[in-house]
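Q: I am attaching a structure below and will ask some questions about it afterwards.
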Amino acid sequence: MPHILIVEDETIIRSALRRLLERNQYQVSEAGSVQEAQERYSIPGFDLIVSDLRLPGAPGTELIKLAQGTPVLIMTSYASLRSAVDSMKMGAVDYIAKPFDHDEMLQAVARILKERQEAKSAPSERPSTSRGGDKAAASNADGEIGIIGSCPPMLELYSKIRKVSPTDSTVLIQGESGTGKELVARALHNLSRRAKAPLISVNCAAIPETLIESELFGHEKGAFTGATAGRAGLVEAADGGTLFLDEIGELPLEAQARLLRVLQEGEIRRVGSVQSQKVDVRLIAATHRDLKTLAKTGQFREDLYYRLHVISLKLPALRERGNDVLEIARSFLARQCAQMGREGLRFATDAEQAIRHYSWPGNVRELENAIERAVILCESPDISADLLGIDIELDDLEDEDFNEAAPLAQANNTAHEPTEDLSLEDYFQHFVLEHQDHMTETELARKLGISRKCLWERRQRLGIPRRKSGAAAGP
């Protein structure tokens with residue numbers, strides 16, 4: 046069982062993170078500062094250290110050298126992302142922005158521990174990429190690309206990734222939500238000459254419109270109310286590396302104009318500044334929307350669209366990938382069993398048939414959540430189709446933060462609205478339309494018990510447009 050050290054001075058956050066990790070079969074120790082961690086533990090003896098950046102006394106980055114090679118995952122707020130990137134240059138394995146989703150944290154922890162284990166065994170176990178022919182290589186038996194699947198569309202995608210990665214060309218990744226666009230972006234970065242430099246990932250839909258320009262391009266002191274000091278943006282933080290802009294179709298037009306300058310001139314200008322500065326950044330963008338149509342209707346800059354569309358990669362939906370779905374499902378099952386200590390579980394015949402023939406509107410993300418739920422609930426070695434819960438009418442709303450109805454019930458208790466005759470889908474739509482005029486997106490997400498990103502994705506799925514900034518409640 047992997048042993049993880051949490052270093053966090055806020056007791057509530059530290060306790061919540063400890064419970065989350067322990068529920069997922071990790072052994073956890075904790076400390077409130079670097080000094081306490083040094084006094085209580087042998088820091089290099091842990092498998093992973095998760096530390097807040099800002100701590101009383103020494104900062105969390107001090108743990109990097111104390112860990113002597115043990116990976117350190119830095120937690121930080123959005124306001125400190127530049128410092129988090131600096132910590133990666135000091136040797137941190139990655140950073141995660143607060144507040145984080147539970148799934149996001151668990152995925153980061155699992156990935157880091159897996160990479161550490163692979164690094165330990167790499168000299169003796171790394172297979173030859175030529176063995177097994179093109180199909181074996183393309184299905185990533187050597188972990189080169191890190192995406193599971195060997196259906197024809199995916200083989201074609203792997204070939205394009207290998208061709209495009211060594212270049213600095215801008216790449217536009219297209220595909221439905223949940224298909225794994227960030228995995229493709231990470232593969233493009235890892236196989237490029239920029240692999241040792243930062244990969245900065247930004248979800249354009251998760252940042253309020255009023256903050257997106259400052260977050261991306263930085264600002265000078267006094268540029269706007271609350272700008273008490275100058276700060277570098279995420280484009281600047283990605284200098285020398287790769288900038289991944291997920292859901293770029295949600296980027297406001299003003300920010301699009303600034304991004305176009307980055308692509309055309311290789312320079313940025315902070316908000317409130319009259320001077321430009323050069324940056325060396327490779328841009329990878331992703332969207333599930335039709336940017337060409339948005340450009341024709343004036344919702345997306347046409348000149349930016351053509352700048353982004355240098356290389357286009359299309360990710361197929363899970364329902365279009367044939368037997369890949371079973372391969373992916375078995376991989377998720379093995380991972381969940383290892384994390385939860387539930388060895389020996391397998392899919393029953395009816396479960397495999399259901400997995401193969403179901404349309405998976407939520408794609409890979411929905412599949413992963415269905416399997417996690419089944420592993421938790423399974424009381425025998427065989428996982429049945431019923432446990433996957435994919436044959437019910439509202440299964441497409443049970444992925445991600447809708448795994449259980451509890452958050453919605455909590456929101457209902459807050460709002461004192463009857464929901465006995467409403468489905469989860471009906472309730473979500475009813476709640477958002479009822480309260481969006483006097484609640485911010487953050488408040489709506491909190492009341493529903495979901496993340497801002499999840500709220501945005503539900504809006505997209507149900508056709509509920511997000512209110513533009515300038516409305517009474519703000520973004």
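Residues in the sequence shown are numbered consecutively from 46, following my numbering. Built from N, CA and C at the ideal position, the CB exists for glycine as well. Note that the structure is a prediction, hence the values are computed from the model and not measured.
1. At the level of alpha carbons, what is the spacing between LEU279 and GLY311?
2. Any idea if GLU292 is buried or exposed, counting beta-carbon neighbours within 10 angstroms, 16 or more meaning buried?
3. At the level of alpha carbons, what is the spacing between LEU304 and LEU66?
4. Could you compute how far the alpha carbon of ILE435 sits from the alpha carbon of LYS359?
5. Taking contact to mean at least 3 C-beta pairs separated by less than 8 Å, is the segment 331-348 in contact with the segment 281-300?
6. Quick one: what's got a C-beta closer than 7 Å to GLU388's C-beta in the same chain, skipping five residues either side?
7. Does the beta-carbon distance from LEU158 to PRO47 come in below 8 Å?
8. Taking 8 Å as the cut-off, does the segment 269-284 touch the segment 221-229 (at least 3 CB pairs, one atom from each stretch)?
9. Mind checking LEU478: buried by the 16 CB within 10 Å criterion, or exposed?
10. Verify whether the separation of the beta carbon atoms of SER214 and ILE356 is less than 8 Å.
11. Per DSSP, what kind of secondary structure is MET135 in: helix, strand or coil?
12. What residue range is occupied by the uninterrupted alpha helix (DSSP H) comprising ALA251?
13. With DSSP as the reference, please indicate the residues paired to GLU75 in a beta bridge.
14. Three-state secondary structure (DSSP) at MET527?
15. When the Cα of LEU328 is compared with those of ASP395, MET120, VAL307, which residue comes out closest?
16. Under a three-way DSSP split, which group does ALA362 fall into?
17. Could you say which of VAL95, MET133, PRO116 lies nearest to PHE145 if we only look at CA atoms?
18. Quick one: Cα of ILE58 to Cα of GLN309, how far?
19. Taking the alpha-carbon of ARG231 as reference, which of GLN219, GLU163, LEU244 has the nearest alpha-carbon?
20. Would you decide whether GLY343 is buried or exposed? Buried here means 16 or more other CB atoms lie within 10 Å of its CB.
21. Thinking C-beta only, is ARG315 closer than 8 Å to GLU347?
22. Going residue by residue through the segment 240-322, where are the continuous alpha helix (DSSP H) segments of at least 4 residues, counting only ones entirely within it?
23. Since VAL154 and LEU93 are thought to touch, with beta carbons under 8 Å apart, how far apart are those beta carbons, to the nearest angstrom?
24. Within 10 angstroms of the Cβ of TYR403, are there 16 or more other Cβ atoms? Answer buried if so, exposed if not.
25. If you check the beta carbons only, do THR487 and ARG503 fall under 8 Å apart?
26. Report the rounded CA-to-CA distance for GLN322 versus LYS143, giving the unit in angstroms.
27. Could you have a look at ARG387 and say whether DSSP puts it in helix, strand or coil?
28. Going by the DSSP bridge assignment, what does ARG231 pair with across the sheet?
29. For LEU261 versus ALA302, is the C-beta spacing smaller than 8 Å?
30. CA-CA distance, ILE421 and GLY263?
31. Go ahead and pull the three-state DSSP assignment for MET120.
32. Quick check: is any heavy atom of the ligand FAD less than 7 Å from the C-beta of PRO361?
33. Could you give the distance in angstroms between the alpha-carbon of ASP284 and the alpha-carbon of LEU217?
34. Per DSSP, what kind of secondary structure is ASP92 in: helix, strand or coil?
35. Please classify PRO116 as buried or exposed, where buried requires at least 16 other C-beta atoms within 10 Å of its C-beta.
36. Answer with buried or exposed for GLY508, where buried requires no fewer than 16 other C-beta atoms within 10 angstroms of its C-beta.
A: Here's the rundown:
1. Reading the sequence shown from its first residue, position 234 is the one you call residue 279. Reading the sequence shown from its first residue, position 266 is the one you call residue 311. Straight-line Cα distance between these residues: approximately 14 Å.
2. Your numbering for residue 292 matches position 247 in the sequence shown. Around the beta carbon of GLU292, 16 or more other beta carbons lie within 10 angstroms, which makes this residue buried.
3. Reading the sequence shown from its first residue, position 259 is the one you call residue 304. Reading the sequence shown from its first residue, position 21 is the one you call residue 66. Each residue's Cα considered, the two are about 38 Å apart.
4. By one-based count along the sequence shown, residue 435 stands at place 390. By one-based count along the sequence shown, residue 359 stands at place 314. Going by the C-alpha atoms only, they are around 26 Å apart.
5. yes
6. As a working mapping, residue 388 is identified with position 343 in the sequence shown. Answer for GLU388: CYS382, listed in chain order.
7. Counting from one through the sequence shown, the residue named residue 158 turns up at place 113. Counting from one through the sequence shown, the residue named residue 47 turns up at place 2. Yes, they are a contact pair.
8. Because the criterion of three Cβ pairs below 8 Å is not met, the segment 221-229 and the segment 269-284 do not touch.
9. Indexing the sequence shown from 1 puts residue 478 at position 433. By the 10 Å Cβ count, LEU478 comes out exposed.
10. Looking up residue 214 in the sequence shown gives position 169. Looking up residue 356 in the sequence shown gives position 311. Result yes, Cβ atoms of SER214 and ILE356 sit closer than 8 Å.
11. Taking the sequence shown and counting its residues from 1, the one referred to as residue 135 is at position 90. The answer is coil: DSSP assigns MET135 none of H, G, I, E or B.
12. Mapped onto the sequence shown, residue 251 falls at position 206. No alpha helix (DSSP H) contains ALA251, which DSSP labels as neither H nor E.
13. Translated into the one-based positions of the sequence shown, residue 75 becomes position 30. DSSP lists ILE51 as partners of GLU75.
14. The structure shown does not extend to residue 527, since the chain spans only 46 to 520, so no value can be given for it.
15. By 1-based counting over the sequence shown, the position of residue 328 is 283. It is VAL307.
16. The residue labelled residue 362 in the question sits at position 317 within the sequence shown. Note: ALA362 maps to coil in three-state DSSP.
17. Sequence index remark: in the sequence shown, residue 145 carries index 100 (1-based). Per the Cα distances, VAL95.
18. What you label residue 58 is simply residue 13 of the sequence shown in a count that begins at 1. What you label residue 309 is simply residue 264 of the sequence shown in a count that begins at 1. Each residue's Cα considered, the two are about 43 Å apart.
19. For the purposes of this step, residue 231 is identified with residue 186 of the sequence shown, where counting begins at 1. It is LEU244 whose Cα lies nearest to the Cα of ARG231.
20. Looking up residue 343 in the sequence shown gives position 298. Taking all protein chains in view, the Cβ of GLY343 is surrounded by fewer than 16 other Cβ atoms within 10 Å, so the residue is classified as exposed.
21. Within the sequence shown, numbered from 1, the residue matching residue 347 stands at position 302. Within the sequence shown, numbered from 1, the residue matching residue 315 stands at position 270. No.
22. 254-262, 279-282, 298-310
23. Start at 1 with the first residue of the sequence shown, and residue 154 comes out as number 109. Start at 1 with the first residue of the sequence shown, and residue 93 comes out as number 48. Indeed, because the Cβ distance is near 6 Å, the residues count as touching under 8 Å.
24. Locating residue 403 in the sequence shown gives position 358, where the first residue counts as 1. In the assembly as shown, TYR403 is a buried residue. Its beta-carbon has 16 or more other beta-carbons within 10 Å.
25. In the sequence shown, the residue the question calls residue 487 occupies position 442. In the sequence shown, the residue the question calls residue 503 occupies position 458. It is not a contact, given that the beta carbons lie outside the stated cut-off.
26. Taking the sequence shown and counting its residues from 1, the one referred to as residue 322 is at position 277. Taking the sequence shown and counting its residues from 1, the one referred to as residue 143 is at position 98. Looking at the two C-alpha atoms, the distance is approximately 29 Å.
27. To locate residue 387, count along the sequence shown from 1; it is residue 342. ARG387: coil per DSSP, three-state reduction.
28. Looking up residue 231 in the sequence shown gives position 186. None, per the DSSP bridge assignment.
29. For this step, residue 261 is matched to residue 216 along the sequence shown. For this step, residue 302 is matched to residue 257 along the sequence shown. No, the pair does not count as a contact, with Cβ atoms beyond the cut-off.
30. For the purposes of this step, residue 421 is taken as the residue at position 376 of the sequence shown. For the purposes of this step, residue 263 is taken as the residue at position 218 of the sequence shown. Between ILE421 and GLY263, the C-alpha separation is close to 44 Å.
31. As a first step, residue 120 must be located in the sequence shown, where it is residue number 75. Strand at MET120.
32. Of the ligands one can find in the structure shown there are none, so the ligand FAD has no counterpart to examine.
33. As a first step, residue 284 is located in the sequence shown; it is residue number 239 there, counting from the start. As a first step, residue 217 is located in the sequence shown; it is residue number 172 there, counting from the start. About 19 Å.
34. Mapped onto the sequence shown, residue 92 falls at position 47. Reduced to three states, the DSSP call for ASP92 is coil.
35. The count along the sequence shown starts at 1 and reaches residue 116 at position 71. Buried is the call here.
36. Walking along the sequence shown from the start, residue 508 turns up at place 463. Result: exposed.
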